[in-house]
Amino acid sequence: MAETNLHQTLGLRNIINVSGTMTGLGASIALPEVAKAMAEILPQFVEMNDLQRKAGKVIARLTGAEAGFVTASCSAGISMAVAGAITGDDLSAIELLPETKTEKREIIVQMGHVVSYGAPVDQAIRIAGGKPVLIGQATTCYDFHLEGAISENTAAAIYVVSHHVVHYGLLELKRFVEICHARNIPVIVDAASEYDLKGFLEAGADIVLYSGHKFLSGPTSGIVAGSKKLVRHAYLQNCGIGRGMKVGKESVYGVMAALEAWEKRDHEAVRAREKAFLDLWQATLQDFAGVNPVIEADPTHNPLDRLRVNINPQETHITAWDLVDALARGTPPIIARDHEVEHHYFYLDPCNLHDGQETIVARRLSEELTKARSSNEIIATPLADRTKKSFDSLRRWPD
Ligand SMILES: *Cc1c(COP(=O)(O)O)cnc(C)c1O
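Everything in the sequence shown is counted per UniProt numbering, starting at 1 for the first residue and increasing by one.
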């Protein structure tokens with residue numbers, strides 16, 4: 001339900017999220033089953049290692065992994081998997097991290113995969129005692145880059161699956177795994193936002209990480225799944241760097257509920273609902289000169305389409321980013337997906353809407369485009385100013 005007194009009570013803006021599952025906006029709409037499970041377990045005591053064993057069974061069933069557990073986030077999962085690959089089950093090494101007893105702490109990653117998901121991938125490696133070894137160049141990576149980087153100091157290799165990474169010129173997962181496995185190097189896959197719970201392990205990954213709070217609509221959490229040995233070594237980090245990344249009983253149980261709901265979800269119905277939103281927005285925008293709305297498939301092949309709204313500022317009298325900002329300032333604030341906005345387009349993501357919000361989005365788009373069209377000048381804020389403003393505002397927090 002979008003109608004709530006919560007925002008009023010707290011004095012917060014009740015935004016409409018058409019940007020996707022953004023952690024900074026509260027990630028996703030948690031399912032009622034998830035909320036119920038969390039409320040149910042909160043007043044109870046449980047033995048956490050046993051609860052995590054139960055969660056591991058559910059994770060194993062859905063992913064095909066041998067074992068699994070729940071931690072604070074996918075980012076935490078990366079750090080714990082890296083740490084586990086370095087320390088094994090040596091508890092004294094686990095307590096020593098991020099300092100290491102061994103030089104065998106190099107973690108290979110393609111340069112085109114070193115992205116920021118809100119924090120840099122390589123930092124998740126470094127805080128776990130890993131030494132990132134970047135291979136290839138931003139848009140190229142060949143077999144020889146990977147083969148040449150593997151040495152007796154290599155502890156693991158990481159592969160990132162995401163719309164953030166470079167989508168051409170890099171090694172595909174299957175080849176990446178083949179080369180690593182030929183030299184006994186385990187492969188850790190960051191699949192935070194990927195709906196495919198089985199494919200990466202099937203492709204040979206040894207350990208795979210998902211976010212619980214993205215497509216799964218669970219609590220803020222990370223899911224670690226993979227071979228029993230590597231998952232165990234990652235789990236043992238709860239006695240070390242993983243301590244500050246732990247989740248409570250409510251999130252472990254909440255993830256179990258989210259995974260079970262995922263098994264039962266009517267995925268076709270969800271797609272049909274999202275398609276109806278995209279059709280509505282596309283039809284609305286088609287009336288405006290200089291706006292070209294195109295339905296586009298998800299770049300990593302999740303069963304999810306978005307509306308790409310191409311803007312010609314000469315005709316609309318507003319740039320794509322000024323339109324995005326106008327929507328965000330409006331009532332209600334609407335947050336669009338704008339990470340490629342310098343190319344004069346933004347996206348509308350249909351997967352986090354409460355019923356009825358789609359028509360508000362359509363109306364607000366019409367209002368702002370109509371208003372811009374009647375402006376004599378082209379509304380065009382320099383992009384660098386916009387970026388600076390957002391960092392300035394962050395640095396002022398909590399003011
Ligand atoms: C969102 C994301 C993360 C971080 O996930 P959290 O669970 O929020 O830590 C990591 N990697 C990728 C590719 C992501 O999209």
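The C-beta atom is built at its ideal place from N, Cα and C for all residues, glycine as well.
Alpha-carbon spacing of residue i relative to residue j, whole angstroms
| i | j | result |
| --- | --- | --- |
| T102 | R183 | 19 Å |
| V252 | D206 | 22 Å |
| V189 | P293 | 34 Å |
| Y117 | G330 | 27 Å |
| T140 | I127 | 27 Å |
| P241 | A72 | Just to set this straight, residue 241 is Ile in the shown sequence, not Pro. So the alpha carbons of these two residues sit roughly 12 Å apart. |
| V247 | N310 | 41 Å |
| R105 | E178 | 21 Å |
| A261 | I41 | 17 Å |
| F200 | V231 | 15 Å |
| D90 | R53 | 21 Å |
| G56 | S92 | 25 Å |
| H339 | A60 | 34 Å |
| V270 | I158 | 32 Å |
| V224 | D322 | 40 Å |
| P382 | A149 | 42 Å |
| V341 | Y347 | 9 Å |
| A234 | A39 | 28 Å |
| R273 | L259 | 21 Å |
| V121 | S374 | 45 Å |
| S390 | A289 | 30 Å |
| G129 | A81 | 11 Å |
| T87 | I125 | 13 Å |
| G84 | D196 | 24 Å |
| L304 | L278 | 11 Å |
| V361 | R306 | 14 Å |
| K36 | R395 | 37 Å |
| R175 | E202 | 13 Å |
| T300 | F69 | 25 Å |
| D325 | A67 | 45 Å |
| L144 | I135 | With the sequence shown as reference, residue 144 is identified as Phe, and Leu is not the correct amino acid for it. Cα-Cα distance, rounded: 10 Å. |
| R308 | H344 | 10 Å |
| L10 | W397 | 17 Å |
| L209 | P333 | 32 Å |
| D399 | V46 | 40 Å |
| N97 | L216 | The displayed chain sequence assigns Leu, not Asn, to residue 97. Using only the alpha carbons, I get a separation of about 31 Å. |
| L369 | D349 | 19 Å |
| A380 | H317 | 8 Å |
| C180 | E152 | 12 Å |
| V291 | N312 | 6 Å |
Buried/exposed call for residue i, threshold 16 Cβ in 10 Å
| i | result |
| --- | --- |
| E315 | exposed |
| M1 | Because the pLDDT at M1 is just 48, under 50, the model does not fix this residue reliably, and the value given afterwards should be weighed accordingly. It is exposed - the Cβ of M1 has fewer than 16 other Cβ atoms within 10 Å. |
| I295 | exposed |
| T387 | exposed |
| Q357 | buried |
| L12 | exposed |
| E194 | buried |
| K214 | buried |
| G77 | buried |
| T319 | buried |
| Y168 | exposed |
| S79 | buried |
| W281 | buried |
| T154 | buried |
| A384 | exposed |
| A257 | buried |
| G212 | buried |
| A297 | exposed |
8 Å contact criterion, which residue i and residue j should meet: CB distance rounded
| i | j | result |
| --- | --- | --- |
| A192 | C74 | 4 Å |
| A27 | T21 | 5 Å |
| I108 | L62 | About 28 Å; that fails the 8 Å criterion. |
| L25 | N17 | 5 Å |
| P219 | V34 | 6 Å |
| E95 | C239 | 7 Å |
| G112 | V187 | Actually they are not in contact, since the Cβ atoms of G112 and V187 sit about 16 Å apart, beyond 8 Å. |
| R337 | S19 | 4 Å |
| L171 | Q110 | 6 Å |
| T284 | S366 | 6 Å |
| K249 | L51 | 6 Å |
Residues bridged to residue i [DSSP beta-bridge criterion]
| i | result |
| --- | --- |
| E296 | R306 |
| Y347 | R308 and R337 |
| G222 | T71 and S211 |
| K229 | K229 pairs with nothing; no bridge assigned. |
| V247 | Paired residue(s): none; V247 is not in a bridge. |
| K131 | E106 |
| D190 | V160 and L209 |
| Q123 | Looking at the DSSP assignment, Q123 forms no beta bridge with any residue, so it has no partner. |
Cutoff 9 Å: residue i Cβ touching any chain B Cβ
| i | result |
| --- | --- |
| T319 | Chain labels in this structure do not include chain B; a single protein chain is all it has. |
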